[in-house]
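Worksheet: the structure to be examined is printed underneath.
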Amino acid sequence: MNDVFESIFAAVNAFVYRCRNDRDYTMLYMEGAVQSLTGYDREDILGNKTVSYVGLTIAEDVERVFADVDAAIEARTSWDVFYHLTHSKGHVVPVRERGAAVFENGELAYLEGLIVGADAEQKLTNRIETMLVDTQSANSEIADCAKNITQSLANLRMLSINARIEAARSGEAGRGFSVVAEEIKKLANDNTEWAQQIEAKLHTYNMQSGKTTPFM
């Protein structure tokens, strides 16, 4: 089954996890680009052997992540949260997590989800903010950025399709891959909507100012 995960995550810096709902988010299972995103082998994080996952999250983000996850658990819905990890080499790694609580017999059993490297998202956000501050003439550049987001997210959707194919091939043992594929799809859809909102706002601005910037 690990080979299946490797094929699914070969083209994306991401990993899936299952953890306890405690103050350490004690990891029970991790598979994918764990070392790439954290700098640690998964064995070092599982069961908090060397470091806890929450211990890798920068201090400024911890309480916000707890709040978002707790609110989603209470509402019995999934969470989509952006935060930063401290890599073993000391630099900060932006990530986006999509997850949900799993209940068994009405009781919360564990949390599971997908964590994706968000370096491109962070750079894009910073670039857009800089453009908006520097000059209004940067609208066309922002539109190009939005197009790049949409293309990148199209690749995420293809990844979810591949995950479903692998799940089908794996039969009953691959049911979990369908869940992963669905979370990848949701993440892509949510962020595509964000890209479209950027384009819509730019289009409105250009119409009001008499400018004509081509959009997708």
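The opening residue of the sequence shown carries number 73 in the numbering used here; numbering runs sequentially from there. Heads up, the beta-carbon is just placed ideally off N, CA and C, and yes, glycines get one too. Just so you know, these numbers come straight off a predicted model, no measurement behind them.
If contacts are defined as beta-carbon pairs under 8 angstroms, then residue 167 and residue 158 qualify, I think. What distance do you get, rounded to the angstrom? Going by Cβ atoms, the distance from residue 167 to residue 158 rounds to 11 angstroms, so no, they are not a contact pair.
Assuming residue 127 is part of the beta strand (DSSP E), what are its boundary residues? Secondary structure note for residue 127: it is in no beta strand (DSSP E), and the uninterrupted alpha helix (DSSP H) holding it is 125-128.
Applying the 10 Å Cβ sphere with the 16-neighbour rule, what's the burial state of residue 245? With a pLDDT of only 49 at residue 245, under 50, the local geometry of the prediction cannot be trusted, and no value is derived from it.
Integer Cβ distance of residue 180 from residue 171, believed to fall under 8 angstroms: About 13 angstroms; that fails the 8 angstroms criterion.
Report yes if the C-beta distance between residue 91 and residue 125 is below 8 angstroms; otherwise report no. For residue 91 and residue 125, yes; Cβs fall inside 8 angstroms.
Which whole-angstrom value describes the C-beta separation of residue 109 and residue 138, a residue pair presumed to lie in contact below a C-beta threshold of 8 angstroms? At roughly 20 angstroms, the Cβ-Cβ gap does not stay under 8 angstroms, so residue 109 and residue 138 are not in contact.
Looking at the secondary structure, which residues open and close the beta strand (DSSP E) in which residue 152 lies? Segment 151-158, the beta strand (DSSP E) holding residue 152.
Which of the three DSSP states, helix, strand or coil, is assigned to residue 131? In the structure shown, the three-state DSSP call for residue 131 is helix.
Would you mind working out which of 104, 140 and 96 sits nearest residue 121, comparing C-alpha positions? Residue 121 has its Cα closest to that of 96, out of 104, 140 and 96.
Run the CB neighbour count on residue 119, radius 10 Å, all protein chains shown included, and call it buried at 16 or more, exposed below. Residue 119 is exposed by the Cβ-count criterion.
Straight-line gap, residue 153 to residue 144 (C-alpha atoms, nearest Å): Approximately 11 angstroms between the Cα atoms of the pair.
Would residue 189 and residue 93 qualify as a contact pair, given that the criterion is a beta-carbon distance under 8 angstroms? Cβ atoms of residue 189 and residue 93: not closer than 8 angstroms.
Closest to residue 131 by C-alpha separation, out of 103, 186, 173 and 156, would be which residue? In terms of Cα proximity to residue 131, the closest of 103, 186, 173 and 156 is 156.
Taking the continuous alpha helix (DSSP H) assigned at residue 186, which residues delimit it? Judged by DSSP secondary structure, residue 186 falls outside any alpha helix (DSSP H) and instead within the beta strand (DSSP E) spanning 179-189.
Please classify residue 287 as buried or exposed, where buried requires at least 16 neighbouring CB atoms within 10 angstroms. With a pLDDT of 40 at residue 287, under the threshold of 50, the predicted position of this residue should be treated as unreliable, though the coordinate-derived value follows. Burial state of residue 287 is exposed, judged by a 10 Å Cβ sphere holding fewer than 16 other Cβ atoms.
Residue 100, enclosing beta strand (DSSP E) - first and last residue: Element bounds for residue 100: 99-104.
Could you name the residues of the same chain whose beta carbon sits closer than 6 angstroms to that of residue 102, not counting the 5 residues immediately before and after it, in chain order? Listed in chain order, the non-local C-beta contacts of residue 102 below 6 angstroms within the same chain comprise 87, 89 and 114, local neighbours out to five positions each way being set aside.
Give the DSSP bridge partners of residue 171, in chain order. According to DSSP, which records beta bridges pairwise, residue 171 is partnered with 151 and 185.
On the DSSP letters alone, give me the boundaries of the alpha helix (DSSP H) that residue 114 sits inside. 114-117 is the span of the alpha helix (DSSP H), which, as asked, contains residue 114.
Reference residue 107; option with closest CA among 147, 169 and 161: Closest by C-alpha distance to residue 107, out of 147, 169 and 161, is 161.
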